[in-house]
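Trainee: Just so you know, we're using this note's numbering here: the sequence shown kicks off at 11 and counts up by one. We treat Cβ as the ideally placed atom computed from N, Cα and C, and that holds for glycine. This is the structure I have questions about; it appears just below.
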Amino acid sequence: AAAGGARGGGGAASGGVLHGLAKLRGVRPRTALLAARPWSFPASVAPVLLGASLAFKLDDVFSPLCLCLATGCAVAVHAAGNLVNTYADYARGVDGRASSDKTLVQGALSPPQVRALITAAYATGALLGLPL
Numbered sequence: 011a012a013a014g015g016a017r018g019g020g021g022a023a024s025g026g027v028l029h030g031l032a033k034l035r036g037v038r039p040r041t042a043l044l045a046a047r048p049w050s051f052p053a054s055v056a057p058v059l060l061g062a063s064l065a066f067k068l069d070d071v072f073s074p075l076c077l078c079l080a081t082g083c084a085v086a087v088h089a090a091g092n093l094v095n096t097y098a099d100y101a102r103g104v105d106g107r108a109s110s111d112k113t114l115v116q117g118a119l120s121p122p123q124v125r126a127l128i129t130a131a132y133a134t135g136a137l138l139g140l141p142l
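Listed below in structure tokens is the structure:
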């Protein structure tokens, strides 16, 4: 429901996930990364590191693979959440010239591109979490 709206149009699911991801062609990786607000990622990494530390301390178990997968999963889902917030604020008209997040306001990315990034981030998080 959040994918629709006055500014947004239909969601990626309306044309299939792969069709939605095709909207990422031409998106510069730096632009996509900045849209995900990477400065907020330590808030997701810290609990994963704490959990790994506790597992090692309490059970003498440490898996570098599980740590990498869990960290990647947490960061991907966090990025998706940030992008959902960006999209929803824009669709509701909350973001404007005075807001700090100008990803959509200034046209760095289009709403379909942000929706495609959301899909990609959630899919990445799900895939990284599967082996855990």
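Is the CB-CB distance between L59 and L93 below 8 Å?
Mentor: On the sequence shown, residue 59 is found 49 positions in, with the first residue counted as 1. On the sequence shown, residue 93 is found 83 positions in, with the first residue counted as 1. No, the pair does not count as a contact, with Cβ atoms beyond the cut-off.
Trainee: Does the beta-carbon of Q123 have 16 or more other beta-carbons within 10 angstroms, so that it is buried, or is it exposed?
Mentor: If you number the sequence shown from 1, residue 123 lands on position 113. Under this definition Q123 is a buried residue.
Trainee: Looking at C-beta atoms only, is the number of pairs between the stretch 134 to 142 and the stretch 79 to 95 that lie closer than 8 Å three or more?
Mentor: Touching, yes, given that three or more Cβ pairs across the two stretches are closer than 8 Å.
Trainee: So G30 and R125 are supposed to be a Cβ contact under 8 Å. How far apart are they, rounded?
Mentor: Within the sequence shown, residue 30 is the residue found at index 20, counting from 1. Within the sequence shown, residue 125 is the residue found at index 115, counting from 1. That belief holds up - the Cβ atoms of G30 and R125 are roughly 6 Å apart, short of 8 Å.
Trainee: Does the stretch 97 to 107 come close enough to the stretch 58 to 78 that 3 or more CB-CB pairs lie under 8 Å?
Mentor: Short answer: they don't touch.
Trainee: Measure from the C-beta of V71 to each C-beta in chain C and report whether the shortest distance is under 8 Å.
Mentor: The chain inventory of the structure shown lacks chain C, comprising one protein chain alone.
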